[in-house]
Amino acid sequence: MSGHDHRPRLAMYRSTDAVTLNLGDEIVHLEPATPADRGRAERLVRDNMRPSLKQVGVAWRPRLFREGYAEADNYRLMAGQTLVGFLSLNYTATHAYLRELQLVPAYRRRGIGSWLLREVERLARHRRLDRIRLRVLKNSPALDLYRRHGYRVAIEENATLGMEKTLGTGAPNAR
3 MSGHDHRPRL AMYRSTDAVT LNLGDEIVHL EPATPADRGR AERLVRDNMR
53 PSLKQVGVAW RPRLFREGYA EADNYRLMAG QTLVGFLSLN YTATHAYLRE
103 LQLVPAYRRR GIGSWLLREV ERLARHRRLD RIRLRVLKNS PALDLYRRHG
153 YRVAIEENAT LGMEKTLGTG APNAR
């Protein structure tokens, strides 16, 4: 591996309905998901989670996903007409809860996960929340991503870790 990072520089653009990320060779759009997107999102999450769930002896629970989808703010990451990622959040009075951050394998290791975590922070700050929480399987490949972005283990239960990040107290775009 050379010392050069060949990933494209990320450029982000906002519109009223979507946030756009220019990867250099293509553009992806993060936009609100609809009830009609549930099946595609569920397949992506299930397919991504299957190996980790199998390792820890936990079965996929479709009812749990569907109930969560109905209660959450869901976003789809689109490359053209293709779903390449899914983001799902819940909010309480004190924190945002990251339910899902999933990418299809071809879109991993391109800086998109980091970008999505920054978007989660932006959404939390917009609601004046100072913490983000999530739950992750101990054997998840995403664990390193969360640690790199300042998430710390708050609780350990069986095969999962509850992680939390405290956001700065400054305004979202303060200089």
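According to my numbering, the sequence shown is numbered sequentially starting from 3. We treat Cβ as the ideally placed atom computed from N, Cα and C, and that holds for glycine.
- Query: Ordered along the chain, which non-local residues of its own chain (more than five positions away) have a Cβ less than 6 Å from that of L131?
  - Reply: H97 and A98, listed in sequence order.
- Run of the beta strand (DSSP E) containing R111, from where it starts to where it stops: Unbroken run through R111: none, as it is neither H nor E.
- Query: Are the region 38-45 and the region 123-137 touching by the rule of at least three beta carbon pairs closer than 8 Å?
  - Reply: no
- Straight-line CA distance for R63 to E102? Rounded to whole angstroms, R63 and E102 show a C-alpha spacing of 14 Å.
- Residue nearest to E158 in terms of C-alpha spacing, selected from E166, L91 and P37: E166
- Item | Cutoff 7 Å; reference L46; Cβ partners in own chain excluding five residues on either side | L85, F88, Q104 and V106
- Item | Expected contact under 8 Å - CB spacing of V60 and A161 to nearest Å | 6 Å
- Message: Helix, strand or coil for K167? Go by DSSP, reduced to three states.
- Response: strand
- Task: Could you tell me the boundaries of the beta strand (DSSP E) in which P34 lies?
- Result: I29 to P34
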